[in-house]
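J.: This is the structure I want to talk about, given as structure tokens.
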Amino acid sequence: MELKEVQYILAIAECGSLSKAAQHLYVAQSSLSQFLKNYEAQSGYTLFIRTPQGLKPTCEGALYIHTARQIMRMQNNLNNQLMELSGLQRGKVCFSLSSFRSPYLLPLVLPAFRRKYPNIEVAITEAHMARQERLLAEGRADVAFLSLPLENQEIPYLKVIEEEIFLAAPDGHPITAQARRNPATGRMWIDYPTMNGQDFLLYSINHRLSTFSDQIFTEHHIAPKIIQTHDSFETLIRLAEVGMGLTFIPETYIDNRHSLSYFSIGETGQFRTLVLGYPPVGYLSKATRAFSNMVIDMLQEQHRALDAKLKEGSHIGH
232 MELKEVQYIL AIAECGSLSK AAQHLYVAQS SLSQFLKNYE AQSGYTLFIR TPQGLKPTCE
292 GALYIHTARQ IMRMQNNLNN QLMELSGLQR GKVCFSLSSF RSPYLLPLVL PAFRRKYPNI
352 EVAITEAHMA RQERLLAEGR ADVAFLSLPL ENQEIPYLKV IEEEIFLAAP DGHPITAQAR
412 RNPATGRMWI DYPTMNGQDF LLYSINHRLS TFSDQIFTEH HIAPKIIQTH DSFETLIRLA
472 EVGMGLTFIP ETYIDNRHSL SYFSIGETGQ FRTLVLGYPP VGYLSKATRA FSNMVIDMLQ
532 EQHRALDAKL KEGSHIGH
């Protein structure tokens, strides 16, 4: 069992189709299909069967995949320990985060990390949370950016910040006149009944913030007028900016490019806990610890800066 073969089989298992696995591996689909056909013929076992839901592992395939993941975990641990011998002079960190967060977090962290540790490679994998947890459990990611609660309770984590989720309103929206200031936090806030009947731009059902908005609306008996749902955070923000409606925005996505005002939801606000998750078993390298520390430090600094701006007023755009 060669390492390249292991990687190919695991990619097919993860993607559930030859076409997606080929794209992931940057190989031709015909080459990957021929590899699987030859490998199954040589081993004497069928590893995958075709179903309406895609390729599914057979019993033999499931055993192969389980063993292959153990091999990859051992390989990653070995690499980490070997690079550890050189301290922080060289190394690699496999970092996973969502595609929604990537455009906001990576430009903040990667340049600073590269300046401080120029010989440490940061390999990025964008994935939804369920897959990020699988990558950690299988030892294919060293660290992942997640929000609580986690499905896999065995994943250890470090808290980054308590992230507030704000109501974003376009300039001149009538709701802004009904905002009040919380004397304890200094932030402007909107009461729940004020949101009833308002035009909203919301996240598609497969997004965690869709669950958040559903919960807010249900618990506080809010009947929004849903104008648009979309997967793209940037699209919703731009639609809100041109006056199509209100939307929800996590604080780590806020910047001064958009002409929007940001309000706490309710007097005490709505929050979620952001964490860095790690493999349940395996070796946590110095490079991973250094990267984690930089992510935490920079986001906490950003959190303090935003807090200071919002105490001055709800609008932080140009």
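Following this note's numbering, the numbering of the sequence shown begins with 232 at its first residue and continues without gaps. We put the CB at the ideal spot given by N, CA and C, even for glycine.
(1) Let me know if Asp-219 comes out buried or exposed under the rule of 16 or more other beta-carbons within 10 Å of its beta-carbon.
(2) If you run the structure through DSSP and keep just helix, strand and coil, what is Lys-251?
(3) Start and end of the beta strand (DSSP E) containing Gln-384?
(4) Taking only the alpha-carbon atoms, compute the straight-line gap between Tyr-509 and Gln-409 and give it to the nearest angstrom.
(5) Tell me whether the beta-carbon of Ser-333 lies closer than 8 Å to the beta-carbon of Glu-364.
(6) Report the three-state DSSP secondary structure of Asp-430 (helix, strand or coil).
(7) How would you call Arg-346, buried or exposed, if buried means at least 16 neighbouring beta carbons within 10 angstroms?
(8) Let me make sure I understand the geometry here. Which of Ala-299, Leu-541, Glu-532, Ala-539 has the alpha-carbon closest to that of Val-340?
(9) Would you say the segment 394–412 touches the segment 510–524, given that touching needs at least three Cβ pairs under 8 Å?
(10) Over what stretch of residues does the beta strand (DSSP E) that includes Ile-480 continue unbroken?
(11) So, Trp-420 versus Gly-513, is the Cβ gap smaller than 8 Å?
(12) So the beta strand (DSSP E) Arg-281 belongs to, where does it begin and stop?
(13) Give the DSSP bridge partners of Gly-322, in chain order.
(14) Determine the extent of the alpha helix (DSSP H) in which Val-526 is found, giving its start and end residues.
(15) Tell me which same chain residues have a C-beta within less than 6 Å of the C-beta of Ser-378, skipping the five on either side of it?
(16) Count the other CB atoms within 10 Å of the CB of Asp-402; is the residue buried (16 or more) or exposed (fewer)?
(17) Between His-451, Lys-517, Leu-477, Thr-416, which has its C-alpha nearest Asp-430's C-alpha?
(18) With distances taken from CA atoms, which of Ser-435, Pro-414, Phe-326 is nearest Glu-543?
(19) Assuming the contact rule is C-beta atoms closer than 8 Å, Ala-400 and Ser-492 should be a hit. Round their C-beta distance to whole Å, please.
(20) On the DSSP bridge list, what partners appear for Arg-412?
(21) Kindly indicate which three-state DSSP category Phe-397 falls into: helix, strand or coil?
(22) Can you tell me whether DSSP reads Val-391 as helix, strand or coil?
(23) Check Leu-241 in the structure and name its three-state DSSP category.
(24) Would DSSP call Val-512 helix, strand or coil?
(25) Taking the DSSP output, what are the residues bridged to Glu-357?
(26) DSSP has Ser-495 in a bridge; who is on the other side?
(27) When you compare the segment 475–490 with the segment 267–287, are there three or more beta-carbon pairs, one atom per stretch, that lie closer than 8 Å?
(28) Starting from Thr-466, follow the alpha helix (DSSP H) in both directions and report where the run begins and ends.
(29) Quick check: what's the CA-CA separation for His-549 versus Leu-241?
(30) Quick check on Ala-293: buried or exposed, where buried means 16 or more other Cβ atoms within 10 Å of its Cβ?
(31) For Gly-370, which residues in the same chain have their Cβ closer than 6 Å to its Cβ, ignoring the five residues on either side in sequence?
(32) Please state the DSSP three-state secondary structure of Ile-453.
(33) If you reduce the DSSP assignment to three classes, tell me which class Val-340 lands in.
T.: The relevant details are as follows:
(1) Outside the shown range of the chain (232 to 549) lies residue 219, about which nothing can therefore be said.
(2) helix
(3) Counting along the chain, Gln-384 falls outside any beta strand (DSSP E), and DSSP gives it neither H nor E.
(4) Distance between the alpha carbons of Tyr-509 and Gln-409: 43 Å.
(5) no
(6) strand
(7) exposed
(8) Taking each of Ala-299, Leu-541, Glu-532, Ala-539 in turn and checking the Cα distance to Val-340, the smallest one comes out for Glu-532.
(9) no
(10) 478–481
(11) no
(12) 279–282
(13) Note: Gly-322 is bridge-paired with Ile-351 in the DSSP secondary-structure output.
(14) 517–543
(15) If we look at Ser-378 and ignore the five residues flanking it on each side, its Cβ neighbours are Arg-503, Leu-505.
(16) exposed
(17) Leu-477
(18) Here the closest residue by C-alpha is Pro-414.
(19) Between the beta-carbon of Ala-400 and that of Ser-492 there is about 5 Å, and that keeps the pair under the 8 Å contact cut.
(20) Bridge partners of Arg-412: Met-419.
(21) Of the three classes helix, strand and coil, the one that applies to Phe-397 here is strand, per DSSP.
(22) strand
(23) Here Leu-241 sits in helix by DSSP.
(24) coil
(25) Leu-328
(26) Under DSSP, Ser-495 shares a beta bridge with Trp-420.
(27) no
(28) 464–472
(29) Note that His-549 scores a pLDDT of 42, beneath 50, so its modelled location is shaky; the value from the coordinates is reported in the next line. Going by the C-alpha atoms only, they are around 48 Å apart.
(30) exposed
(31) Cβ within range, chain order: Arg-304, Asn-307, Pro-510, Gly-513.
(32) coil
(33) helix
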